[in-house]
DNA sequence: TGGAAAAATTTCCTAAAGGAACATTGTGCG
DNA sequence: CGCACAATGTTCCTTTAGGAAATTTTTCCA
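Residue numbers (the working numbering), protein chains in the order written: chain G, 11 to 214; chain L, 11 to 214.
What follows is the structure in structure tokens.
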């Protein structure tokens with residue numbers, strides 16, 4: 011209902027930027043209408059107030075990033091167009107190090123752990139590569155659990171990750187997972203060959 | 011201000027109300043450091059306060075959508091990964107793990123960062139895969155440095171890691187490195203092809 | 001080392017976001 | 001017509017984001 015402000019002293023006329031100012035609300039309302047949802051439906055699903063959503067749709071507020079993110083999820087919106095940008099960048103990213111050649115192995119029935127970067131003893135993250143042997147479908151209930159977080163990246167092969175809270179997770183080369191390691195977990199190779207996995211574990 | 015609806019509580023469950031926990035700030039700081047910019051540089055360019063940016067990077071505030079958008083533009087960041095919801099938009103779903111298939115990219119002049127496991131926002135380690143483009147041998151004195159530790163694993167290709175303390179380090183697929191990231195560091199692809207690298211970064 | 005300069009963080013305060021409840025508008029049915 | 005009832009808009013109030021400046025931390029040379 012409010013077309014084009016000529017930029018007088020609108021109560022909340024955007025400061026000097028407002029690219030999204032007018033559009034954002036329209037987009038969200040459109041998405042909501044398309045799904046035939048009411049303000050309350052969406053607000054509840056996104057865990058925000060009805061009135062807040064109303065204000066957002068009418069561009070009466072500058073919503074927080076968090077709220078927009080939740081709305082995006084709720085409404086299943088893709089976002090690229092919201093961030094149109096003039097691209098140019100001249101970056102020079104750099105990192106530094108401590109190298110490790112081959113690590114020391116630590117073999118068990120189902121795993122072959124190869125610790126990486128062992129000479130640096132004061133580190134907090136523990137990286138290692140594991141070979142998950144292609145058998146032993148047996149004991150995937152012997153959960154491993156330890157306080158902390160873990161990141162896992164499948165280098166080759168495929169496997170299934172079993173956890174105590176969720177359904178098994180099929181993973182193939184290139185996939186990665188991040189989880190709370192206090193939740194019971196364990197994995198089994200599902201390919202004929204052994205699976206190679208890179209783990210990074212963080213104790214807390 | 012957490013009404014917290016039906017949320018029970020996964021150990022590190024997120025998705026539902028999850029403020030943009032740990033990752034958002036890290037991403038922004040990473041991008042800034044890579045460009046060798048100071049808080050003030052970026053803040054000025056994005057027309058926000060220096061302190062505000064500091065708080066955002068340290069996840070001490072829930073920035074507005076508008077501010078994030080401006081930062082994205084200033085830092086030339088692609089954004090899809092911030093809104094990543096793997097699979098369904100049913101927010102009732104909670105998980106304490108995230109599975110990432112092929113990722114969402116964030117490209118710069120020399121790097122192409124692909125963040126992994128982005129929808130789990132409260133994690134402490136930040137994993138991502140980078141493609142180091144096969145050129146730009148130029149500016150390897152622009153060290154990046156940031157408080158914390160980093161682990162790096164070369165998936166494919168080869169590269170040279172330059173640091174301010176040690177001699178350059180030649181690395182090939184399968185090699186890995188662990189280092190204190192407060193030491194200036196940076197790397198350059200030495201093969202004809204781009205190098206693929208898996209990084210796990212931990213802020214302290 | 002020390003000490004100045006730069007960068008980052010913290011404090012303090014104001015303006016504004018966001019939620020609850022109330023008011024208004026819109027829509028179907030007797 | 002007009003009465004429910006639902007959907008949306010608005011007001012009021014509490015909490016919080018975000019900026020200016022002070023404080024602390026880090027960097028950089030002499």
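Quick reminder that beta carbons are idealized off the backbone N, C-alpha and C, glycines included.
Contacts of residue i in chain L (Cβ-Cβ under 8 Å)
i	result
residue 78/G	75
Proximal chain G residues relative to residue i, where beta-carbon distance stays under 8 Å
i	result
residue 208/L	163, 208
Partner residues on chain G for residue i, Cβ-Cβ distance less than 7 Å
i	result
residue 203/L	By Cβ distance, chain G contributes nothing, its closest Cβ being about 17 Å from residue 203/L, past 7 Å.
Start-to-end residues for the beta strand (DSSP E) that takes in residue i
i	result
residue 142/L	135-142
residue 212/L	205-213
residue 47/G	Residue 47/G -> no beta strand (DSSP E), and no H or E assigned at all.
DSSP bridge partner residues for residue i (one or two, in chain order)
i	result
residue 199/G	169/G
residue 159/L	190/L, 212/L
residue 182/G	168/G
Chain-ordered neighbours of residue i on chain G, where CB pairs are closer than 9 Å
i	result
residue 137/L	161, 163, 186, 188, 210
Continuous alpha helix (DSSP H) stretch holding residue i: start and end
i	result
residue 81/G	75-85
residue 65/G	60-67
For residue j and residue i, believed in contact at Cβ under 8 Å, the rounded distance
i	j	result
residue 182/L	residue 162/L	That belief does not hold up - the Cβ atoms of residue 182/L and residue 162/L are roughly 13 Å apart, past 8 Å.
residue 213/L	residue 189/L	The Cβ separation is near 14 Å, so there is no contact.
residue 198/G	residue 185/G	No, residue 198/G and residue 185/G are not in contact; Cβ-Cβ is about 15 Å, not under 8 Å.
residue 78/L	residue 75/G	4 Å
residue 167/L	residue 124/L	Contact doesn't hold; Cβ gap of about 15 Å is too wide.
residue 136/L	residue 64/L	Not a contact, Cβ separation roughly 18 Å.
residue 53/L	residue 85/L	Contact doesn't hold; Cβ gap of about 11 Å is too wide.
residue 169/L	residue 200/L	6 Å
residue 35/G	residue 67/G	5 Å
Which residues, in order along the stretch 47-77 of chain L, keep a beta-carbon less than 8 Å from a beta-carbon of chain G? 57, 72, 73, 74, 75, 76, 77
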